[in-house]
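Below is one structure, written out as structure tokens; the observations come after it.
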Amino acid sequence: MKKIAGCALVGALALSLAACGGSDGGGGDDAGGTAKKTLTIGIANFSLQAPYFIAMDKAIETEAKAYSNVKVISTDAQGDAAKLTTNVSDLLTQNVDGIIISGGPLNAAPAAMNAVAQKNIPSILVDRKFSGGQYTSWIGPNNTQIGQGNGQYITDRLKGNGTLVVITGGPADNTIGLDRTNGLLGVVKQSPGITVVTAPDFGGWSSDGGLKVMENVLAKNKHIDAVFCENDAMCLGAQKAISDAGRTDEMFLVAADGQKEALAAIKSGSNYAATAVNNADTIGRSGLDRMMAVLAGAEPSKDTPLDAPLVTKDNVDKYSNPDSIF
Numbered sequence: 058m059k060k061i062a063g064c065a066l067v068g069a070l071a072l073s074l075a076a077c078g079g080s081d082g083g084g085g086d087d088a089g090g091t092a093k094k095t096l097t098i099g100i101a102n103f104s105l106q107a108p109y110f111i112a113m114d115k116a117i118e119t120e121a122k123a124y125s126n127v128k129v130i131s132t133d134a135q136g137d138a139a140k141l142t143t144n145v146s147d148l149l150t151q152n153v154d155g156i157i158i159s160g161g162p163l164n165a166a167p168a169a170m171n172a173v174a175q176k177n178i179p180s181i182l183v184d185r186k187f188s189g190g191q192y193t194s195w196i197g198p199n200n201t202q203i204g205q206g207n208g209q210y211i212t213d214r215l216k217g218n219g220t221l222v223v224i225t226g227g228p229a230d231n232t233i234g235l236d237r238t239n240g241l242l243g244v245v246k247q248s249p250g251i252t253v254v255t256a257p258d259f260g261g262w263s264s265d266g267g268l269k270v271m272e273n274v275l276a277k278n279k280h281i282d283a284v285f286c287e288n289d290a291m292c293l294g295a296q297k298a299i300s301d302a303g304r305t306d307e308m309f310l311v312a313a314d315g316q317k318e319a320l321a322a323i324k325s326g327s328n329y330a331a332t333a334v335n336n337a338d339t340i341g342r343s344g345l346d347r348m349m350a351v352l353a354g355a356e357p358s359k360d361t362p363l364d365a366p367l368v369t370k371d372n373v374d375k376y377s378n379p380d381s382i383f
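Following our numbering, the numbering of the sequence shown begins with 58 at its first residue and continues without gaps.
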């Protein structure tokens with residue numbers, strides 16, 4: 058279901074030629090001439106230490122297999138910006154035809170992008186959009202929209218009154234997190250009856266980090282009505298901390314990404330109330346399909362922010378897929 062949705066998405070973005078070839082399972086031989094030679098696509102990952110980015114990398118590789126003429130070389134910088142630049146340089150020495158970059162929390166990678174530009178090959182950014190315009194095309198979430206949707210849900214459910222805890226991923230200049238939280242706060246602050254408590258420590262975008270941060274917040278706050286986390290992984294950890302403290306019935310949680318464990322928690326009727334779908338599978342597949350379209354001669358949009366629908370118990374069956382890679 059999500060694979061088909063990914064292709065439909067790319068088609069809707071007017072990426073003709075090779076755009077939907079992969080998701081149809083037979084595009085490699087009909088991709089506007091791209092089958093004349095084997096195409097090598099490099100994937101430069103800033104980090105493969107989180108489920109979201111692991112899933113995106115796997116989605117790109119899985120989509121590539123549907124093309125008969127595509128080889129993928131994936132790298133992991135393990136959270137080191139300098140190593141990301143080195144990995145990009147190494148990929149260029151292997152004469153890749155294009156590079157897909159998953160930049161994690163990086164706001165820019167000027168040396169890496171300059172190297173790609175000098176090689177005169179396309180660069181597709183997935184999830185993270187770097188500052189500067191050297192890249193060919195970007196596909197990723199509309200993070201402000203994510204925050205606004207979450208904020209409206211929380212405000213409506215609290216009926217304008219209560220205590221809301223916000224758990225951020227960090228670091229302080231991470232624009233993905235900032236856009237989500239600022240979008241949320243822009244809505245929530247219209248209800249002065251809602252008190253916002255921002256956790257003093259970053260959750261590091263992980264379940265362990267969310268658990269530790271929530272434990273500290275619970276110790277300092279006698280009553281909490283709602284919890285917002287900048288991603289599902291942190292909220293899954295926070296949910297466990299809340300359960301361990303025996304305070305499950307006191308509050309509900311809202312997050313973003315659409316991780317399958319979060320969707321399962323929503324479906325089960327737990328206090329995990331909502332998440333915004335920012336699907337790593339769809340973004341990864343769309344990134345590979347867009348690269349194929351560019352290599353086939355298509356002129357893509359520079360920036361493509363994707364909608365992130367809010368998922369609650371009322372519509373979770375539409376988005377839940379236990380077999381999803383994320």
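C-beta: ideal position from N, C-alpha, C; glycine also.
These numbers come from a predicted model, not from an experiment.
Self-check item: Runs of alpha helix (DSSP H) lying entirely within the segment 133 to 210, each at least 4 residues, in chain order
Solution: 138 to 150, 167 to 176
Practice problem: Give the range of the alpha helix (DSSP H) segment to which Leu-105 is assigned. | Solution: Against the sequence shown, residue 105 aligns to sequence position 48. Neither: Leu-105 is in no alpha helix (DSSP H) and is coded neither H nor E.
Self-check item: CB-CB length for Val-351 against Ser-194, believed under 8 angstroms
Solution: In the sequence shown, counting from the first residue as 1, residue 351 sits at position 294. In the sequence shown, counting from the first residue as 1, residue 194 sits at position 137. Here Val-351 really is in contact with Ser-194; their C-beta atoms are around 7 angstroms apart, less than 8 angstroms.
Self-check item: Buried or exposed by the 16-neighbour rule on C-beta atoms within 10 Å, applied to Ser-358
Solution: Here residue 358 refers to the residue found at position 301 when the sequence shown is read from its first residue. It counts as exposed.
Quiz item: From what residue to what residue does the beta strand (DSSP E) around Ile-251 run?
Solution: Translated into the one-based positions of the sequence shown, residue 251 becomes position 194. Here the beta strand (DSSP E) through Ile-251 covers 251 to 255.
Quiz item: Since Ala-330 sits in a beta bridge, which residues does DSSP pair it with?
Solution: The sequence position of residue 330 within the sequence shown is 273, counting from 1. Ala-330 is not bridged to any residue.
Quiz item: What's the gap between the Cα of Arg-347 and the Cα of Tyr-109?
Solution: Along the sequence shown, read from residue 1 onward, the residue named residue 347 stands at position 290. Along the sequence shown, read from residue 1 onward, the residue named residue 109 stands at position 52. The straight-line gap from Cα to Cα measures roughly 20 angstroms.
Quiz item: Thr-232 by DSSP, collapsed to three states: which one?
Solution: As a working mapping, residue 232 is identified with position 175 in the sequence shown. Thr-232 falls in the helix class under three-state DSSP.
Quiz item: Should Ile-203 and Ala-333 be called a contact, given that it needs their Cβ atoms to be closer than 8 angstroms?
Solution: The residue you call residue 203 lines up with position 146 of the sequence shown. The residue you call residue 333 lines up with position 276 of the sequence shown. Yes, the Cβ-Cβ distance between Ile-203 and Ala-333 is below 8 angstroms.
Quiz item: How big is the Cα-Cα spacing for Ser-381 and Glu-118?
Solution: Numbered from its first residue, the sequence shown carries residue 381 at position 324. Numbered from its first residue, the sequence shown carries residue 118 at position 61. Approximately 14 angstroms between the Cα atoms of the pair.
Practice problem: Work out the CA separation of Ile-251 and Met-113 for me, nearest whole Å. | Solution: Here the question's residue 113 lines up with position 56 in the sequence shown. Here the question's residue 251 lines up with position 194 in the sequence shown. In a straight line, the C-alpha of Met-113 is about 36 angstroms away from that of Ile-251.
Quiz item: So what does DSSP say about Lys-128, is it helix, strand or coil?
Solution: As a position in the sequence shown, residue 128 is number 71, starting the count at 1. Note: Lys-128 maps to strand in three-state DSSP.
Exercise. Kindly list the residues whose CB is nearer than 7 angstroms to the CB of Phe-103, restricted to its own chain and excluding five residues on each side of it in sequence; keep chain order.
Key: On the sequence shown, residue 103 is found 46 positions in, with the first residue counted as 1. Ala-134, Gly-136, Leu-141, Ser-159, Gly-160, Gly-161, Leu-163.
Quiz item: With Phe-285 and Val-311 assumed to form a contact (beta carbons below 8 angstroms), what rounded beta-carbon distance in angstroms separates them?
Solution: The residue given as residue 285 occupies position 228 in the sequence shown. The residue given as residue 311 occupies position 254 in the sequence shown. Right, the Cβ-Cβ distance comes to about 5 angstroms (below 8 angstroms), so this counts as a contact.
Quiz item: How is Asp-380 classed by DSSP in three states: helix, strand or coil?
Solution: Along the sequence shown, one-based indexing puts residue 380 at 323. In the structure shown, Asp-380 sits in coil (DSSP, three-state: anything other than H, G, I, E or B).
Exercise. Please report how far the alpha carbon of Leu-367 lies from the alpha carbon of Gly-240, in whole angstroms.
Key: For the purposes of this step, residue 367 is taken as residue 310 along the sequence shown, with counting starting at 1. For the purposes of this step, residue 240 is taken as residue 183 along the sequence shown, with counting starting at 1. Taking the straight line from one Cα to the other gives about 14 angstroms.
Quiz item: Is there at least one non-hydrogen atom of the ligand FAD closer than 7 angstroms to the beta-carbon of Ile-178?
Solution: Looking for the ligand FAD in the displayed structure turns up nothing, as the structure carries no ligands at all.
Quiz item: Nearest CA to the CA of Ala-166: which residue from Leu-149, Asn-152, Arg-185?
Solution: Locating residue 166 in the sequence shown gives position 109, where the first residue counts as 1. Of the candidates Leu-149, Asn-152, Arg-185, the one whose C-alpha sits nearest the C-alpha of Ala-166 is Arg-185.
Quiz prompt | Spatially closest choice to Ser-263 from Thr-225, Ser-248, Ile-233, by CA coordinates | solution = Locating residue 263 in the sequence shown gives position 206, counting from the first residue. Of the candidates Thr-225, Ser-248, Ile-233, the one whose C-alpha sits nearest the C-alpha of Ser-263 is Thr-225.
Practice problem: Evaluate Asp-386 with the Cβ neighbour count: other Cβ atoms within 10 Å of its Cβ, from every protein chain shown; 16 or more gives buried, anything less gives exposed. | Solution: Only positions 58 to 383 of the chain appear in this structure, which leaves residue 386 out of reach.
Quiz item: How would you write the range of the alpha helix (DSSP H) that Gly-219 sits in, first residue to last?
Solution: Position 162 of the sequence shown, counted from the start, is the residue given in the question as residue 219. Segment 219 to 224 is the beta strand (DSSP E) holding Gly-219; no alpha helix (DSSP H) there.
Quiz item: Mind checking whether Thr-97 and Ile-130 have CB atoms under 8 angstroms apart?
Solution: Position 40 of the sequence shown holds residue 97. Position 73 of the sequence shown holds residue 130. Taking 8 angstroms as the Cβ cut-off, Thr-97 and Ile-130 qualify as a contacting pair.
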